[in-house]
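Student:
Residue numbers (my numbering): 2 to 199.
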């Protein structure tokens, strides 16, 4: 028999999944507690029993997104046969994929919702630490990982932003976003021996 706690946890998961679907379909404007309840097939009042407002619900969606990224980074870090540069490329490809396929979720992940709850902030912190570990494996210097990681993340944001706006065409730049990030990873790996952050 399912306990009341298990039932509540299952309902919460269904609500977060429904909110993520609505976010993908129509952006944050389309996410209301009433619409989420209807999508999840629960009573009108059920969402309010789990989330006091829309912001808390969106924070739960952001947490779910970051947790998914963190789980993938765990898999990459556990694969000791994977060369460091390829591990980093796959980590960045995961973010690019979300930015391309789920632009509203991507924007949510890098917005205030990711700091709106302890769970979301913890998921972001975990992923940040994992990402820096992966970057450190490429550049060989944990002390320089933060600056290199920031360079990579701002580059991912630039690629996502320009692609989603239609400004990063192969015809214009003779490169895809993926190719640009591979080039940047190659430059960071080549810079490994010089220690030059300039």
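All residues carry an ideal CB built from backbone N, CA and C; glycine is no exception. All values derive from a computational prediction rather than experimental measurement.
Within 10 angstroms of the Cβ of residue 188, are there 16 or more other Cβ atoms? Answer buried if so, exposed if not.
Tutor: Per the 10 Å Cβ criterion, exposed.
Student: For residue 90, tell me which candidate among 37, 74 and 127 has the shortest Cα-Cα distance.
Tutor: The candidate whose alpha carbon is nearest that of residue 90 is 74.
Student: Contact check, residue 109 vs residue 61 under 8 Å by CB: the rounded distance?
Tutor: Contact doesn't hold; Cβ gap of about 11 Å is too wide.
Student: Consult DSSP for residue 169 and reduce its assignment to one of helix, strand or coil.
Tutor: Here residue 169 sits in coil by DSSP.
Student: May I ask which residues mark the beginning and end of the alpha helix (DSSP H) holding residue 185?
Tutor: From DSSP, the alpha helix (DSSP H) with residue 185 extends over 178-191.
Student: Could you check if residue 84 is buried or exposed, using at least 16 other CB atoms within 10 Å of its CB as the buried criterion?
Tutor: Burial call: exposed.
Student: Hey, out of 182, 21 and 39, whose CA is closest to residue 104's CA?
Tutor: Answer by Cα proximity: 21.
Student: Where does residue 1 sit, in a helix, a strand or coil, going by DSSP?
Tutor: Only positions 2 to 199 of the chain appear in this structure, which leaves residue 1 out of reach.
Student: What does the alpha-carbon distance come out to for the pair residue 46 and residue 38?
Tutor: The alpha-carbon atoms of residue 46 and residue 38 are separated by roughly 8 Å.
Student: For residue 81, does the three-state DSSP call read helix, strand or coil?
Tutor: In this structure, residue 81 counts as coil in the three-state DSSP scheme.
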